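Protein chains: 4
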Amino acid sequence: MSGSAPEWHRKAYSVAAMRAMARRALPRPIFDFTDGGAENEYTLRRNEAAHAQYELVPRSLRGSPARDLSVELFGKRLALPIMIGPTGLSGLMWPQGEIAAARAAAAAGTAFCLSHASTCTIEDLAATGIAPRWMQVFIYRDRGFTKEFVERTAASQYDALVLTIDNQMTGNRERDIRNGFTIPPSFSPLDKAMMATKIGWLMRMGPALPKLTFGNYVRAGQPMDMKTLAAKMSEMLDPSLSWADVDWLRTLWKGPLILKGVLHPEEAAEAAKRGIDAVIVSNHGGRQLDGAPATVDMLPRVVEAIGGRIPVLLDGGIRRGADVLKARALGAALCLVARPQLWGLAVAGEAGVARMFDIFRREIDRAMALMGITRLDQLGPDDLRKAG
Amino acid sequence: MSGSAPEWHRKAYSVAAMRAMARRALPRPIFDFTDGGAENEYTLRRNEAAHAQYELVPRSLRGSPARDLSVELFGKRLALPIMIGPTGLSGLMWPQGEIAAARAAAAAGTAFCLSHASTCTIEDLAATGIAPRWMQVFIYRDRGFTKEFVERTAASQYDALVLTIDNQMTGNRERDIRNGFTIPPSFSPLDKAMMATKIGWLMRMGPALPKLTFGNYVRAGQPMDMKTLAAKMSEMLDPSLSWADVDWLRTLWKGPLILKGVLHPEEAAEAAKRGIDAVIVSNHGGRQLDGAPATVDMLPRVVEAIGGRIPVLLDGGIRRGADVLKARALGAALCLVARPQLWGLAVAGEAGVARMFDIFRREIDRAMALMGITRLDQLGPDDLRKAG
Amino acid sequence: MSGSAPEWHRKAYSVAAMRAMARRALPRPIFDFTDGGAENEYTLRRNEAAHAQYELVPRSLRGSPARDLSVELFGKRLALPIMIGPTGLSGLMWPQGEIAAARAAAAAGTAFCLSHASTCTIEDLAATGIAPRWMQVFIYRDRGFTKEFVERTAASQYDALVLTIDNQMTGNRERDIRNGFTIPPSFSPLDKAMMATKIGWLMRMGPALPKLTFGNYVRAGQPMDMKTLAAKMSEMLDPSLSWADVDWLRTLWKGPLILKGVLHPEEAAEAAKRGIDAVIVSNHGGRQLDGAPATVDMLPRVVEAIGGRIPVLLDGGIRRGADVLKARALGAALCLVARPQLWGLAVAGEAGVARMFDIFRREIDRAMALMGITRLDQLGPDDLRKAG
Amino acid sequence: MSGSAPEWHRKAYSVAAMRAMARRALPRPIFDFTDGGAENEYTLRRNEAAHAQYELVPRSLRGSPARDLSVELFGKRLALPIMIGPTGLSGLMWPQGEIAAARAAAAAGTAFCLSHASTCTIEDLAATGIAPRWMQVFIYRDRGFTKEFVERTAASQYDALVLTIDNQMTGNRERDIRNGFTIPPSFSPLDKAMMATKIGWLMRMGPALPKLTFGNYVRAGQPMDMKTLAAKMSEMLDPSLSWADVDWLRTLWKGPLILKGVLHPEEAAEAAKRGIDAVIVSNHGGRQLDGAPATVDMLPRVVEAIGGRIPVLLDGGIRRGADVLKARALGAALCLVARPQLWGLAVAGEAGVARMFDIFRREIDRAMALMGITRLDQLGPDDLRKAG
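Protein chains in written order, with the working numbering: chain A, 1 to 388; chain B, 389 to 776; chain C, 777 to 1164; chain D, 1165 to 1552.
In structure tokens, the structure reads:
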């Protein structure tokens, strides 16, 4: 696969097809890490299933000679209504995975958000000049450590800061436990044998694996490898995270500040009140609290609670262009895609992520044409119907 | 199968059984072309499943000594409440497929609608004298090309003109992509080997395949074969289609003008207001916008929006006589069947389509008898119940 | 199986287990005849599934020292709230099947209804002295033939007359078509070979098969065998059946007259108005109009429409004692069981039907005890809950 | 397994995983006894499925530095919001099963309820000093026998008395019938051969099996073994159980008196009115009346009917920490777990039950952290959402 991958990915005609290719390309513990969720994976499944509960009712005769897929956010235009959300360990999918994905996003005219658990550093990405670039931060027990992250992000001129609020204690991801994809890893001999069958991945990643590390943490003066640091990272997070921390962060960071992991309408309303610039309706892709609602099920109530004061973004189960249209019709400004981008990376690096954007672009464009619209802001509740 | 087919089809006791026979008779890429839908095939499945959401509540003691299955449309009687809707490439199922199907429809006392993408021409069908005959048209970027189609249709004395509005950009039909049933085709060696096992189909169609073409387009001065024209056909369609085009078409065509592909009640109301003669509630058999609602789910709202001004027709998932009764009870004047007719053709040509009409006629007649009615206009909302 | 059958049936701990035994004992075309329904078998499945939509909410502390399972109907007590409904061809399950089943019903203290299509005659059953005995009749094109049935029923002192109204045209039972269980039969060599593996059934039924006939029709001066008569029987039924016929029958028969096959509340109300003594809410076990609602889904509306003027009985999908309690709580006076009795017959003749009654008696008694009631008339809407 | 069991159980990362281990460890008739329910197992399945109908909506920014998992009941603190409910025959899972489970409960800081059908006696458990300890009693035909149980319970200084009201007639557990797990047992040779493959269980339990007995009954002057006593036990229970018996029991027992098996809101209200100290919303784990609602479906109505006068407890389908949070949000003070504790016993005795408590503790703690709460009484209806 290694050699032919750049061609192979062109056969991916959908995100589902790209996922199937990634499943073949990746060692199973790594694929499961990209694919799985917490406990019974109820929330994981609901995220996707909930999109199907909404139906799009076209009005073909409105005329859509050419579609404009762009959206405005924080006064700037993105060429697409999707961007890449933060995912840890992208560098396990493809060498320099984060930068590969960011390049593809920039080429597609949209934004990329770097994960705190990236294998490159805040500065590495900035050095490429790729933009718009967003950075994810957490609140640590040691607030100074958070402050350092924010200052580095500011120094590297990122466009937005994303505070993830739903991961202060790591979710109970049982596929990872079963696969030994834990900290430290405990792969069985069988797993290791299976890994050896993924030749393409091994050839690409083999040399890099021993040196792989959490770049941002190393840079931050924590010279640790993936085994020890990941465990520590978890301990470093502070479950006492509260609105006071958000207010404090607001004083540290002058640019757009975004809360990621909002589901409750009250929490959304509070965010708008406290000067946050946007919220991302998210349940961490079903990887944290299993039993939490699908994001699209909460979206209308969050949109109502915010009442237009700030933009509402959404992630979770976005697999088709039509999903993006539904989210827009329900009031989302923009959707974040995470797993599809990992699968794209796993299949063909930057070219695979570019392919993912191609797929979404064509699906969004076609769905707009078939809905009879030319701009995304034409979508509203009247274009949707609850199924059944 | 070739020799015994004319007998074989008599064993088809239901549309589902006929579909199973067609699956055995046709090369897989061709069967999938008749059977598949867009993307996740959500809308395809919903079309069929939504009929099951309505239940028929019989009143046996109303007396139904003999049932009259006829319906009136545009001042004329059709012997059945179903007719054949337009399907491209019927000529791939059986030599001269469109004319075979039209003969069976005429023999059954009902109408046939020719597809723009037929293998015979507008004039070929007219020359047979088969009636009633309807013609499907599209709005092309080159409006003169549309005008030519309309003029040919008028010159050939067709009974109605059907403007399809939901196909200005072709749907994302992934079974066709997987099967290489694309323009141009890219069948794998395995596919080709599989095709060779469909002896009956090969013997019938083999000689005709190289000469097969889109008749109407050739006639219209576009001497192209199936490979190149289909791609071009798609480019020719104009996504800027709007009400202005409908008004223009209304001035060109004096007979019954029908909009096919209406789902939104507002669009239906607008059609009635603009002098259209009928609408067909359709989602293109789930082949266009995946995520669109089932047609029968939109039917009551469309009927309400139109308020009796013009007839409402419906296609999508009609597989049983009872489905037709349900649609009638919800306000549809007539149903169009498309896939069942292709399967009939694939199994035994004209005799197969005749068999399909037999199956529907017997199922509709029996369902009417069991409902205790003698005429279809006795059906109303009081005969239905939402399931569950 | 033939020898051990009388013991074997004691292992049937539920109706479902008895059905599994019958499936093993009977040739497949015959089992499918007992088990199948019309077309997609939607109504067949709904009958059973709809019972599960209601939940029983116990109040254990009401005290139920001993349960009285009896019900009153037409001024008499039946020991159980179930009786045997009319089923054709019971004689194919076991020699003299109808009389065997009737004996078991009488032994259980409840009623038996003879089918018009029984293999014994009206007089044969009467000669056994088994009571209460009910007789099913139809309205034939030749009303004199119906009159003759009614007079024979009166002469043989039956306790009630049941007019079946939902079978004037035979349902579209596709399992029977597939199996060749049609009139005339067309079993394939494979079917015949399979039949030969059902040794017990062949030994019991083999000698009787050539002589098997529809007793009532022979007696009525129609000396025909099963092949020719069944086809004729279907032709004899008059689809113009209406309320006028019901009124006429009311003048012919002085005893309790019952309409079987009522689903629509309006039809039920009309029956009460016209002096009918009871209605049976039935969809013919899902064997007639596929797409008709489950009987228990219509029960509350029928009960409401009748408003206590006459008793409401129910059949369809009764497989557990709890189903009977639910029907009682929704207003049914009594339930008819049909398929379970055929399965009992197939497994062990009279002993099998007795076993079926044992199973129901124990399940009803236990369910009453667990509900905390001593009499069935304690049940009401407050004991039920809609699931989900 | 026998030797390695104490290590093996540490691999159980969830209750479901522990169940899978128990399935491997136990002879099938015994596993099915722990796993099965009555008749169609509708209620069994609903118990688990109903929890999934509720979704938890987190508000991460409320700050949850450390979670307090304790709850107050009858003026005392339990360290966890779960306790062990009464289960018969725990001694079949592990030698001295009841005492092993009780030790694990006490170590976890919570209560244990002894079953009347335990293999140890009321006095045996008391002698260990384990507390809090509760005792389950029944109303027997011989009220003196009940009185003796109560007096022994008082003499042994139990903390609460639990009257089970939904088991006066034993449920129809068909897995046990199929497996021959009846009184007396009738295991097939195949079953016995299968049992022999469960080496660990056989080595542990083999020597004890012949001496195994229902301890409380023996002590109560009924020197019978498991075969004969179980049948008798069933006969001894009085289905005429009523509120008068509850009043009588109230006079006998001065401590906390709890009714277990309440589902109907009226019955719950009556309990509060008559001076009962708590009710347990329970359907006996789906082992009694099949068709009864899921406990969590009745919980809100019971809570409303009781109106805060006394605590409401719940059992049924609690398999995840999130299930406990949902029950708390709907008004339950505490949940009882029964099957999970049997599976824990089967896998590793006391260590297995301790592991079960570990799993729940971690899941509850994590779910609280992710919900953003520090105490369970922060949960309310606003934290829940009905799914779909």
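Every residue, glycine too, gets a C-beta built ideally from N, C-alpha and C.
The structure displayed is predicted, hence computed values, not measured ones.
- On a CA-only basis, which of D/V1443, D/R1414, D/R1438 is nearest D/G1425? Give me that one, please. D/V1443
- Kindly say whether D/S1352, judged by its beta-carbon, lies nearer than 8 Å to any beta-carbon of chain C. no
- Task: Specify the secondary structure class of C/Y789 as computed by DSSP and reduced to three states.
- Result: coil
- Under the three-state DSSP convention, the category C/Y916 falls into: strand
- Have a look at the DSSP bridge pairing and note the partners of C/E848. C/R853
- Where does D/T1317 land, buried or exposed, given buried means 16+ other C-beta within 10 angstroms? buried
- Message: Which complete beta strand (DSSP E) runs does the stretch 1071-1136 of chain C hold, if anything under 3 residues is left out?
- Response: 1088-1091, 1110-1113
- Message: Would D/H1428 and C/V833 be called neighbours here (beta carbons separated by less than 8 Å)?
- Response: yes
- Query: Quick one: is C/S780 near chain D, going by C-beta distance under 8 Å?
  - Reply: Below a pLDDT of 50, predicted positions are generally treated as unreliable, and C/S780, at 45, falls in that range; no measurement from the model is reported.
- Query: Ends of the beta strand (DSSP E) at C/V1055?
  - Reply: 1054-1057
- Enumerate in chain order the residues of its own chain whose CB-to-CB distance from A/T295 is below 8 Å, with the five nearest sequence positions on each side excluded. N47, A50, L263, V281, S282, N283, L314, D315, G316, G317
- Task: Please classify D/K1418: does DSSP put it in a helix, a strand, or coil?
- Result: coil
- Message: Taking the straight line between their C-alpha atoms, what separation do you get for C/Y916 and C/L939?
- Response: 11 Å
- Task: Note down, in chain order, every chain D residue with its Cβ under 7 Å from the Cβ of A/I177.
- Result: Y1177
- Query: Hey, how far is the Cα of B/Y605 from the Cα of B/S506?
  - Reply: 9 Å
- Item | 8 Å Cβ cutoff, D/Y1218 in contact with chain C | no
- Message: Determine, for D/M1333, whether the minimum Cβ-Cβ distance to residues of chain C falls below 8 Å.
- Response: yes
- Query: Smallest Cα separation from D/G1286: which of D/Y1322, D/G1227, D/R1451, D/A1202?
  - Reply: For the record, residue 1286 of chain D in the displayed sequence is Ile; it is not Gly. Cα-wise, what sits closest to D/I1286 is D/Y1322.
- Can you name the residues of chain G whose CB is closer than 8 Å to the CB of C/A1098? The structure shown has no chain G; the protein chains it does contain are A, B, C and D.
- Neighbour flag for A/L263 against chain D, beta carbons, 8 Å: yes
- Message: Residues in the same chain with beta-carbon distance under 7 Å from B/E536, minus the five sequence neighbours each way, listed in chain order, please.
- Response: A608
- Which residues of chain A have a Cβ atom closer than 8 Å to the Cβ of B/I553, listed in chain order? S60, L61
- Message: Quick check on this structure: which residue in C/L845, C/P862, C/L966 has the alpha carbon closest to the alpha carbon of C/A884?
- Response: C/L845
- Query: Under 8 Å Cβ-Cβ, which residues of chain B neighbour C/N760?
  - Reply: Residue numbering for chain C in the displayed model covers 777 to 1164; residue 760 of chain C lies beyond these limits and cannot be assessed.
- What's the call for C/L985, buried or exposed, on a 16-neighbour Cβ count within 10 Å? exposed
- Message: Out of C/T922, C/A882, C/S964, which one is the CA nearest neighbour of C/G905?
- Response: C/A882
- For C/G1062, is the classification buried or exposed, using 16 other Cβ atoms within 10 angstroms of its Cβ as the cut-off for buried? buried
- Go ahead and label D/S1398 buried or exposed: buried means 16 or more other beta carbons lie within 10 angstroms of its beta carbon, across all protein chains shown. exposed
- Task: Measuring only between beta-carbons, confirm whether B/W636 sits less than 8 Å from chain A.
- Result: no
- Flag this pair as touching only if the stretch 1489-1498 of chain D and the stretch 1187-1206 of chain D have three or more C-beta atom pairs under 8 Å; answer yes or no. no
- What separation, rounded to the nearest whole angstrom, lies between the Cα atoms of A/A101 and A/I364? 20 Å
- For B/G479, three-class secondary structure by DSSP: helix
- Query: Under 9 Å Cβ-Cβ, which residues of chain C neighbour D/W1417?
  - Reply: None at all; the shortest Cβ gap to chain C is about 17 Å.
- Message: Taking the straight line between their C-alpha atoms, what separation do you get for A/A20 and A/G255?
- Response: 39 Å
- Message: Whole angstroms are fine: how far does the CA of A/L325 sit from the CA of B/E562?
- Response: 20 Å
- So, does the CB of C/E1139 fall closer than 8 Å to a CB anywhere in chain D? yes
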